[in-house]
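Only one structure is covered here, and it is reproduced in the block below.
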Amino acid sequence: MTLNSILFTAKKPDISYECIVIKKSMSVGIYFATTTGKTEDVAERLHGLLGGTDTPKDMSDVDDLKEFQDHDGIICGIPTWNTGADSERSGTAWDTLLDEISELDLSGRKVAIFGLGDSSTYTENYCDAMEELHRFFKTAGASMVGYVSASEYTFDESKSVDNGSFCGLPLDEDSESDLTDARLVKWADQLKNEIPGLA
Ligand SMILES: Cc1cc2nc3c(=O)[nH]c(=O)nc-3n(C[C@H](O)[C@H](O)[C@H](O)COP(=O)(O)O)c2cc1C
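Just so it is clear: in the sequence shown, position 173 is 263 by this note's numbering, and no numbers are missing.
Structure representation (structure tokens):
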């Protein structure tokens with residue numbers, strides 16, 4: 091966390107006083123979990139597109155989830171591996187952390203989720219795990235952002251769609267990798283409007 095301080099002295103006829111203005115810069119963390127590396131790769135690409143974000147961190151290396159509370163914004167990447175499961179859909183480190191996330195106080199924090207999946211082979215369960223992460227962060231009081239219209243995708247079903255929108259950004263590096271760059275650029279621009287401190 092960076093602190094910028096401005097110190098100035100003002101004088102009135104017979105009083106002199108000093109005023110310190112402390113401005114805290116916004117902090118935005120990127121977190122991911124992965125099995126074959128695709129979610130990590132996308133986290134790095136997003137970091138390159140979003141000035142103001144910290145270096146992406148693997149959830150396997152996070153010892154204390156309370157560090158989420160040090161951020162004003164959090165961007166989370168999650169793949170889907172447990173096809174059709176009701177719970178623990180990601181098959182990664184996120185699964186065992188969901189309850190703990192919901193017990194945090196993340197009120198006032200903006201949280202955006204991106205998901206990795208395969209819209210062709212797993213078209214009935216496209217990026218299902220995003221919904222789970224979205225739900226637990228919401229329970230923690232976070233203000234959820236980064237929603238994307240489902241009309242921009244070809245798939246049959248996803249637990250991550252509500253009212254015509256995905257609860258984050260779905261990406262398909264298996265069957266539609268040629269679309270990922272444009273999707274990332276567009277989402278990065280959206281997040282710059284939704285999460286303070288991004289440039
Ligand atoms: C056994 C298996 C199950 C999968 N299940 C799903 C699924 O249910 N839904 C989906 O969208 N993608 C599914 N995928 C695709 C992965 O989510 C996709 O390859 C993703 O990019 C992996 O991300 P990672 O490399 O970060 O682990 C599955 C892949 C495999 C091999």
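Where a beta carbon is used, it is the ideal one built from N, C-alpha and C, also for glycine. Everything numeric in this text was worked out from a predicted model, so none of it was measured.
Asked, Found
"Report the rounded CA-to-CA distance for Glu222 versus Ala272, giving the unit in angstroms.", "26 Å"
"Consult DSSP for Thr270 and reduce its assignment to one of helix, strand or coil.", "helix"
"Pop quiz: Leu196 and Ala230 are said to be a contact at Cβ under 8 Å. What is the actual Cβ separation, rounded to whole angstroms?", "4 Å"
"Using CA atoms only, rank isn't needed, just tell me which of Cys217, Leu288 and Ile285 is closest to Glu178.", "Cys217"
"What does the shell around ligand 1 hold, if a residue joins when its beta-carbon is under 6 Å from any heavy atom?", "Thr124, Thr125, Thr126, Gly127, Lys128, Thr129, Pro169, Thr170, Trp171, Thr173, Leu206, Gly207, Asp208, Tyr212, Asn215, Tyr216, Cys217, Asp218, Glu263 and Asp264"
"Using a Cβ-Cβ cutoff of less than 8 Å, which residues in the same chain neighbour Met149 once the five nearest sequence positions on both sides are dropped?", "Tyr121, Phe122, Ala123, Thr182, Ala183, Trp184 and Leu187"
"Relative to the alpha-carbon of Cys257, which residue among Val132, Gln159, Glu263 and Ser248 has its alpha-carbon at the smallest distance?", "Ser248"
"With Met220 as the anchor, note down where its beta strand (DSSP E) starts and where it stops.", "First-last for Met220: Ala219 to Thr229, but that is the alpha helix (DSSP H), not the beta strand (DSSP E)."
"By the 10 Å Cβ neighbour count, where 16 or more other Cβ atoms means buried, how is Ser95 classified, buried or exposed?", "Unreliable placement is indicated for Ser95, whose pLDDT of 40 sits below 50; the coordinate value is still reported in the next sentence. Result: exposed."
"Helix, strand or coil for Leu155, going by three-state DSSP, please let me know.", "helix"
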